[in-house]
Amino acid sequence: MSSTPSGAIIALDAMGGDFGPSVVIPAAALALRERPTLSFIFYGDEKKIQPLLDDHPTLKGCSSIHHTDKVVASDVKPSVALRTGKDSSMRLAIEAVKTGQAGAIVSAGNTGALMAMAKLALRCLPGIERPALASVMPTKNGSCVVLDLGANILCDADILMQFAIMGAVYARNVRGIEKPTVALLNVGSEEMKGNDQVREAAAMIADLEHFPGVFRGFVEGNDISLGTVDVVVTDGFTGNIALKVTEGVASLMKQFMKEAFTSSPFAMLGMMLASGAMKRLKVRMDPRNYNGGMFLGLDGVCVKSHGGMDEIGFRSAILMAANLVEQGFNKGVAAELQQLAADQAAVPGMPSATENAEAS
């Protein structure tokens, strides 16, 4: 592999997901066209990877293969994966990030196993208690970052505050929003609404002297699609439900539009006349363009692709990982947490973020 020092090296779990190398290899080729400085290490069965890689000479020139015939099954429990998956394509790709061989790992494999393995191997950044699963969702104004989407079912106020910091840093450092707006997802925007954890988290974030964004208090579920703020923070239980509802509504709208435009010859003519607008709408709503869940808070970049995505969707996950590496997301989070610890140390009797993480 003739790597380019100016670009990120991405470790790819070539065997993960529903389609394995048949999607991962073409996806890497697509990502390389957009980011020619990237290079790749493919982890998996060399006999299956090599023929596909041979079809993409440019990709082959900046890639290498690490052979293993061990794969983490999609239905295996995380605890079992930890015990039996030490030589699997997923675990070896994660280890590449741990040892510095790669800057990020991308996998479409078992989500629970990926989370467990990544947390065990990479650990959390100092001051972070738990990693959060974050993703970008389409909105009226463009898109917003939402976290947590299912990694942590229960979250106390400290954890929600940490999620808010990480979300703000991602929006600022990776998405280029100078002063990202951040809010907690709640059942109402009024200060007295919500449970104790959410209200306490809001008070803690509001009191931060050097918060890396603009805190806007609470937003409701409809504010996600409206694009009211740049970052929406919630616990994994609520976030996962919000994600699945959004995916379901998008699928339903697609079906409704298909039925409407094929219901009569006049409707089909209308679709032909509006073909340009329909194509633009399709691109804006295409879930493949938003594919990729980031495990923010780990001491290393880990991105999860949806298991059923095609090469266009997996390419989005690769580019997301490259952005996290090249824009220095983890360094930005570490700097913010250091500042937070310094602020808390200046207040007598207040435990630092690092002490809170160690206590957990």
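First residue of the sequence shown? That's 178 in our numbering, and the numbers climb one at a time after it. Note that beta-carbon positions come from the ideal geometry of N, C-alpha and C, so glycine has one too. Just so we're clear, the structure is a prediction, and the values are computed from it rather than from any experiment.
Residues of the same chain with a CB within less than 6 Å of the CB of residue 290, apart from the 5 flanking positions on each side, are 249, 255, 258 in chain order.
DSSP places residue 405 in the coil class of the three-state scheme, outside both helix and strand.
With contacts defined as CB atoms closer than 8 Å, residue 493 and residue 194 fail to qualify as a contacting pair.
Taking C-beta atoms under 8 Å as the contact rule, residue 362 and residue 410 qualify, at a distance of about 7 Å.
Look at residue 189 here: in three-state DSSP terms it is strand. Rounded to whole angstroms, residue 218 and residue 191 show a C-alpha spacing of 9 Å. The beta carbons of residue 503 and residue 207 sit no closer together than 8 Å. By the criterion of a C-beta distance shorter than 6 Å, residue 420 is surrounded in its chain by 326, once the five residues flanking it on both sides are discounted. Rounded to whole angstroms, the gap between the alpha carbons of residue 379 and residue 309 is 18 Å. If the five residues before and after residue 445 are omitted, its C-beta is found closer than 8 Å to the C-beta atoms of 438, 439, all from its own chain and listed in chain order.
Counting only residues of its own chain and dropping the five nearest sequence neighbours on each side, residue 288 has a CB closer than 7 Å to the CB of 481. Residue pairing by DSSP places residue 220 opposite 190, 243 in a beta bridge.
Shown here, residue 327 sits in coil according to DSSP, grouped into three states, outside any helix or strand.
Of the candidates 306, 243, 222, 313, 313 places its Cα closest to the Cα of residue 464. Take residue 251, set aside five residues on each side of it, and the residues of its chain with a beta-carbon closer than 6 Å to its own are 287, in chain order.
The C-alpha of residue 459 lies about 10 Å from the C-alpha of residue 453. A contact is defined here as three or more CB-CB pairs under 8 Å, and the stretch 274 to 283 fails this definition with respect to the stretch 221 to 233. Per DSSP, residue 393 is not a residue of any alpha helix (DSSP H); the beta strand (DSSP E) it occupies stretches across 391 to 396. The C-beta separation of residue 344 from residue 311 comes to about 7 Å, placing the pair in contact by the 8 Å criterion.
Given a length threshold of 3 residues, each whole run of the beta strand (DSSP E) inside the stretch 438 to 482 is given here in chain order: 470 to 473, 478 to 481. The beta-carbon distance between residue 366 and residue 394, rounded to whole angstroms, is 7 Å. This is short enough to meet the 8 Å contact definition. Beta-bridge analysis with DSSP links residue 410 to 324, 361.
Distance between residue 187 and residue 476, taken at the CA atoms: about 15 Å. Taking C-beta separations shorter than 8 Å and ignoring five residues to either side along the sequence, the partners of residue 397 in its chain run 362, 363, 364, 365, 366, following chain order.
Per DSSP, the continuous beta strand (DSSP E) segment holding residue 283 begins and ends at 281 to 284.
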